[in-house]
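> Here it is, the structure in full.
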Amino acid sequence: MMKKIRFFIPGSWKERKYVAKMNAKGWMLTGVKGLRYYFQSQDTSTSADNLSIDFLSTSLTLEENKALSHEYKHFVVRKIPFYQATVIYLYGTHSPNTIELSEHTKTELDFLKQFASDVLNFKNIMIITFMLVWTLLLTLSETQKISLPFFIVQLPLIALFIIWILSIITRYQTKKKITFLEKQSGVFNEDWVPTRTIILRNLSQQPNIDAFSFLGKWRVITANKKGNTFYYQLQSHYSEDDIKATIMEELGVKEHQITVVSQFGLFPIGWFGFS
2 MMKKIRFFIP GSWKERKYVA KMNAKGWMLT GVKGLRYYFQ SQDTSTSADN
52 LSIDFLSTSL TLEENKALSH EYKHFVVRKI PFYQATVIYL YGTHSPNTIE
102 LSEHTKTELD FLKQFASDVL NFKNIMIITF MLVWTLLLTL SETQKISLPF
152 FIVQLPLIAL FIIWILSIIT RYQTKKKITF LEKQSGVFNE DWVPTRTIIL
202 RNLSQQPNID AFSFLGKWRV ITANKKGNTF YYQLQSHYSE DDIKATIMEE
252 LGVKEHQITV VSQFGLFPIG WFGFS
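Under my numbering, the residues of the sequence shown are numbered 2 to 276, in order.
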């Protein structure tokens with residue numbers, strides 16, 4: 002038995018890669034408790050390619066447990082505290098007829114969206130807390146009620162900066178996985194749709210944007226005086242590359258005639274973690 006302490010978002014790509022790597026080395030996951038991952042040595046390692054991770058919104062029933070035991074060589078169930086989600090690590094199969102967990106994607110999306118929201122809330126709380134502590138230490142130091150080294154006074158700001166950076170990285174990775182799952186499943190979050198500016202240049206006439214309605218919601222902004230450059234806003238879940246490729250194919254234009262600018266391309270507010 003071997004214990005490893007690691008911090009991963011449950012079910013994330015990094016966690017799967019780590020568990021698969023350990024599996025390829027001959028260590029099979031036997032349990033997860035908090036940040037502790039427990040592995041057991043095995044004589045013949047199951048192929049890491051056969052490792053999969055599924056999500057459920059509820060705990061496994063006795064019948065589901067028996068079914069998984071019959072279909073899979075080994076599996077580990079992990080209940081995520083404070084979330085309505087259960088992660089199942091599945092090793093290999095006894096037969097090619099593997100069990101399909103239909104609610105996998107939706108449950109994982111719900112978990113990731115809630116997790117991203119919680120990270121933002123935690124960051125905001127920490128900003129307020131550490132700013133109050135820093136202000137208090139600064140006030141006490143300046144009024145000479147207590148004598149504190151400069152480094153001690155600045156500790157809250159250092160801690161705040163570290164938390165800020167970590168929250169940005171975590172939210173970026175989480176949103177990246179959310180976008181991937183939404184594209185894969187076709188289940189998008191309608192509460193927020195990315196808005197992009199589309200610029201079409203050197204056209205002989207104004208294009209019929211109704212032909213691209215499947216890409217999202219279009220809005221005409223303006224055109225230049227010559228009438229050969231047109232500006233639009235597009236709310237769409239499709240990537241910039243997909244949008245550009247579709248317009249190029251439909252209009253028969255070159256890549257240099259199309260510019261797709263995201264909100265982050267105009268001004269990177271979202272990058273700083275304020276959204």
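Ideal placement from N, C-alpha and C gives every residue a C-beta, glycine not left out.
Could you pull the start and end residues of the alpha helix (DSSP H) that Met-23 belongs to?
One-based indexing of the sequence shown puts residue 23 at position 22. Boundaries of the alpha helix (DSSP H) harbouring Met-23: 14-25, taken from the DSSP string.
> Pick from Ile-199, Tyr-173, Tyr-19 and Leu-158: whose alpha carbon is nearest that of Glu-241?
Counting from 1 along the sequence shown, the entry for residue 241 is found at position 240. Of the listed residues, the one whose Cα sits closest to Glu-241 is Ile-199.
> Assign Ile-10 to one of three DSSP states: helix, strand, or coil.
Position 9 of the sequence shown, counted from the start, is the residue given in the question as residue 10. Coil, per DSSP.
> Within this structure, are the beta carbons of Phe-40 and Leu-30 separated by less than 7 Å?
Indexing the sequence shown from 1 puts residue 40 at position 39. Indexing the sequence shown from 1 puts residue 30 at position 29. Yes, Cβ-Cβ distance for Phe-40 and Leu-30 is below 7 Å.
> Considering just the uninterrupted stretch of the alpha helix (DSSP H) at Asp-243, what are its terminal residues?
Working through the sequence shown from its first residue, we reach residue 243 at position 242. Start and end: 241-252.
> Take Leu-113 as the anchor and find which of Leu-91, Tyr-92, Phe-231 and Thr-87 has the nearest alpha-carbon.
Here residue 113 is taken as the residue at index 112 of the sequence shown, counted from 1. When only C-alpha atoms are compared, the closest one is Thr-87.
> Just verifying my parser: in three-state terms, what is the DSSP assignment at Phe-116?
By one-based count along the sequence shown, residue 116 stands at place 115. Looking at Phe-116 - three-state DSSP - the assignment turns out to be helix.
> If you draw a straight line from the C-alpha of Leu-61 to the C-alpha of Gly-32, how long is it?
In the sequence shown, the residue the question calls residue 61 occupies position 60. In the sequence shown, the residue the question calls residue 32 occupies position 31. If I take the Cα positions, the gap works out to 15 Å.
> Flag this pair as touching only if the segment 213-226 and the segment 176-186 have three or more C-beta atom pairs under 8 Å; answer yes or no.
no
> Taking Leu-156 as the reference, give the member of Gly-228, Phe-131 and Pro-11 with the closest Cα.
To locate residue 156, count along the sequence shown from 1; it is residue 155. The residue with the shortest Cα to Cα distance from Leu-156 is Phe-131.
> For the putative contact between Lys-5 and Tyr-38, defined by C-beta atoms under 8 Å, what is the C-beta separation to the nearest angstrom?
Residue 5 sits at position 4 when you count from the first residue of the sequence shown. Residue 38 sits at position 37 when you count from the first residue of the sequence shown. Their Cβ separation, rounded to whole angstroms, is 5 Å, which keeps Lys-5 and Tyr-38 in contact under 8 Å.
> Measure the Cβ-Cβ separation of Ile-81 and Pro-195 and say whether it is below 7 Å.
Reading the sequence shown from its first residue, position 80 is the one you call residue 81. Reading the sequence shown from its first residue, position 194 is the one you call residue 195. Going by C-beta atoms, Ile-81 is not nearer than 7 Å to Pro-195.
> Could you have a look at Thr-31 and say whether DSSP puts it in helix, strand or coil?
By 1-based counting over the sequence shown, the position of residue 31 is 30. Here Thr-31 sits in strand by DSSP.
> Taking the DSSP output, what are the residues bridged to His-75?
Counted from its first residue, the sequence shown places residue 75 at position 74. Tyr-92, per the DSSP bridge assignment.
> Helix, strand or coil for Gln-155, going by three-state DSSP, please let me know.
Here residue 155 refers to the residue found at position 154 when the sequence shown is read from its first residue. Correct three-state label for Gln-155: helix.
> In angstroms with no decimal places, state the Cα-to-Cα distance between Val-262 and Asn-229.
Taking the sequence shown and counting its residues from 1, one reaches residue 262 at position 261. Taking the sequence shown and counting its residues from 1, one reaches residue 229 at position 228. Rounded to whole angstroms, Val-262 to Asn-229 spans 19 Å at the Cα level.
> Pick helix, strand or coil for Phe-215, following the three-state DSSP scheme.
As a working mapping, residue 215 is identified with position 214 in the sequence shown. Phe-215 falls in the helix class under three-state DSSP.
> Anyone know if the C-beta pair for Lys-124 and Ser-168 falls short of 7 Å?
Taking the sequence shown and counting its residues from 1, one reaches residue 124 at position 123. Taking the sequence shown and counting its residues from 1, one reaches residue 168 at position 167. Yes. Within cutoff.
> So is Ile-129 buried or exposed if we call it buried at 16+ other beta carbons inside 10 Å?
As a first step, residue 129 is located in the sequence shown; it is residue number 128 there, counting from the start. Exposed: under 16 other Cβ atoms inside 10 Å.
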